[in-house]
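Please read the structure below before turning to the comments.
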Amino acid sequence: MKIIYQSILNSISEDEKLLAVLIDPDKTKPEGLSEFILKINNSIATHIFVGGSTVEESATEKLVTEIKKHSTLPIVLFPGDVSQITNQADALLFLSLISGRNPDYLIGKHVASVSKLRKMHLEVLPTGYLLIENGKETAVQKVTNTKPMSLEHIQSIVDTAKAGELLGMKLIYIEAGSGAMQPIPSEIIKRVKNELGIPLIVGGGIRTKEQLLLAYDSGADLVVIGTAFENDESFFEELKKS
Ligand code: 1GP
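What follows is the structure, encoded as structure tokens:
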């Protein structure tokens, strides 16, 4: 069943914006997690994403199991590697790094994950993933050995996102990189959204409520924030459920 994807489509048709809090198993230990999750539950967050670029084997499964004890929000895997796939989550962003030209991250890792996925009931969300430059080297760039797309070549970003849709991907995720100096510029979000008939996820470097609202206004359907909550949990206060 396509529960998570359908609920994203339903939210868009009702003009509701979505927010995912990204939890990196590498930076978060299950101990003491309950308070953090409680803050998520009391905020406007609609999803919890779990993933990271360099995560120890089994850390993701332990973390997801722990999160589920404290929240009913859908947990979506945002994996940096096949080892992070766990049946404990609700869905998986099946990411193809279409901004890069590394075959491992375009199709190789996907083939390698099939024997695992076959035994699971995870909802698989085919996602075109585009890394955009932000002024410093990101973990994704290092791990995948790919170059981010230039901010100056907006048409190329738009065409790449559209190619993802035409290939049958169900989501497009434009990423400035975790801890990016600047979020994806509004102009890029607008131009990409204008071209797409599928939901648009935007993440990387969003640290303020103003930046979040600007991303929504520009056309992001779902925004992902990780670092800002890791660094300062009081940010949840500004994003409380009304
Ligand atoms: C990273 O887009 C996510 O993959 C979130 O980025 O950690 O900068 O919020 P931040």
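Start counting the sequence shown at 29; every next residue gets the next number (the numbering used here).
Just so it is clear, CB atoms sit at the ideal spot from N, CA and C, and this is done for glycine as well.
These numbers come from a predicted model, not from an experiment.
>> Report the start-end ranges of each alpha helix (DSSP H) in the region 54–122 that is 4 residues or longer and not cut off at the edges.
In response: 61–69, 87–98
> Excluding sequence positions up to five away, which residues of its chain have a Cβ less than 6 Å from the Cβ of residue 28?
Replying inline: Because the chain is modelled from 29 through 270, residue 28 falls outside the range shown and cannot be assessed.
>> Using C-beta distances below 7 Å, list every residue in its chain close to residue 141, excluding the 5 sequence neighbours before and after it, in chain order.
In response: By one-based count along the sequence shown, residue 141 stands at place 113. For residue 141, where only same-chain residues beyond five positions count, the Cβ hits under 7 Å are 110, 113.
> Does DSSP put residue 255 in a helix, a strand or coil?
Replying inline: Here residue 255 corresponds to residue number 227 of the sequence shown, with the count starting at 1. Three-state DSSP puts residue 255 in a helix.
> Where does residue 192 sit, in a helix, a strand or coil, going by DSSP?
Replying inline: In the sequence shown, counting from the first residue as 1, residue 192 sits at position 164. Correct three-state label for residue 192: helix.
>> At a threshold of 7 Å, does residue 232 count as lining the ligand 1GP (C-beta to nearest heavy atom)?
In response: Here the question's residue 232 lines up with position 204 in the sequence shown. Flag set: Cβ of residue 232 near the ligand 1GP.
> Between the C-alpha atoms of residue 237 and residue 139, what's the straight-line distance to the nearest angstrom?
Replying inline: Position 209 of the sequence shown holds residue 237. Position 111 of the sequence shown holds residue 139. Computed Cα separation, rounded: 39 Å.
>> I need the straight-line Cα distance from residue 212 to residue 163, nearest angstrom please.
In response: Within the sequence shown, residue 212 is the residue found at index 184, counting from 1. Within the sequence shown, residue 163 is the residue found at index 135, counting from 1. When rounded, the distance between both Cα atoms is 11 Å.
> In the DSSP assignment, what residue or residues form a beta bridge with residue 230?
Replying inline: The residue labelled residue 230 in the question sits at position 202 within the sequence shown. Per DSSP, 202, 251.
> With respect to the beta strand (DSSP E) encompassing residue 133, which residues constitute its N-terminal and C-terminal limits?
Replying inline: As a working note, residue 133 is residue 105 in the sequence shown. Where residue 133 is concerned, there is no enclosing beta strand (DSSP E), given that its DSSP letter is neither H nor E.
> Where do the ends of the beta strand (DSSP E) carrying residue 159 lie?
Replying inline: Within the sequence shown, the letter at position 131 stands for residue 159. It spans 151–159 - the beta strand (DSSP E) in which residue 159 sits, taken as one unbroken run.
>> On a Cα-Cα basis, can you pick out the residue from 56, 215, 117, 204 that is closest to residue 127?
In response: For the purposes of this step, residue 127 is identified with residue 99 of the sequence shown, where counting begins at 1. That would be 204, whose Cα lies nearest to the Cα of residue 127.
>> Going by the DSSP bridge assignment, what does residue 48 pair with across the sheet?
In response: The residue given as residue 48 occupies position 20 in the sequence shown. Answer is 75, 252.
> residue 214 to residue 268, Cα distance in whole Å?
Replying inline: Position 186 of the sequence shown, counted from the first residue, corresponds to residue 214. Position 240 of the sequence shown, counted from the first residue, corresponds to residue 268. Looking at the two C-alpha atoms, the distance is approximately 24 Å.
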